[in-house]
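Residue numbers (my numbering): 40 to 167.
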């Protein structure tokens, strides 16, 4: 962020050196408008545009942007650790099951050796 602010202020100095004077609100507005278009920066843009006229200067806007960039960097560094710690353990792969055993009882016809999803009596009753 410091580089971005420095580039914008350098452009202002070059324009001033060329003989044109840019009003402070125009430079401050250029600083805010040139921020990335992300939800985080959009909130900061709104806050900067809400400054009163006497506080909407390149110096105040630049310090606000730098403070916000520092805060984001701190939160990003600590947030990764917290997310890493809170990650749930990986799910174990489930087995495919044993399938019907000779002693298993069908829940439909109560015969042994098959399950209800393969029960012939159940299939016949459904077809009728």
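Ideal Cβ placement from N, Cα and C applies to all residues, glycine included.
Burial state of residue i, where buried means 16 or more other Cβ atoms lie within 10 Å
i: residue 57; result: exposed
i: residue 101; result: buried
i: residue 82; result: exposed
i: residue 145; result: buried
i: residue 168; result: One cannot answer for residue 168 here, as it falls past the ends of the chain, which runs 40 to 167.
i: residue 97; result: buried
Supposed contact pair residue j and residue i - C-beta distance, whole angstroms, cut 8 Å
i: residue 47; j: residue 69; result: 6 Å
i: residue 135; j: residue 142; result: Actually they are not in contact, since the Cβ atoms of residue 135 and residue 142 sit about 20 Å apart, beyond 8 Å.
Of the listed residues the options, nearest to residue i (C-alpha basis)
i: residue 84; options: 153, 61, 42 and 108; result: 108
i: residue 62; options: 79, 95, 88 and 44; result: 95
i: residue 64; options: 51, 75, 74 and 76; result: 51
i: residue 153; options: 138, 166 and 114; result: 138
i: residue 89; options: 55, 67 and 105; result: 67
i: residue 42; options: 91, 53, 60 and 74; result: 74
Same chain only: Cβ atoms within 8 Å of residue i, ignoring 5 sequence neighbours per side
i: residue 164; result: none
i: residue 147; result: 155, 158, 160 and 161
i: residue 49; result: none
Close-in-space but distant-in-sequence residues of the same chain around residue i (CB under 7 Å, 5 per side omitted)
i: residue 87; result: 71, 100 and 103
i: residue 44; result: 70, 101, 104 and 105
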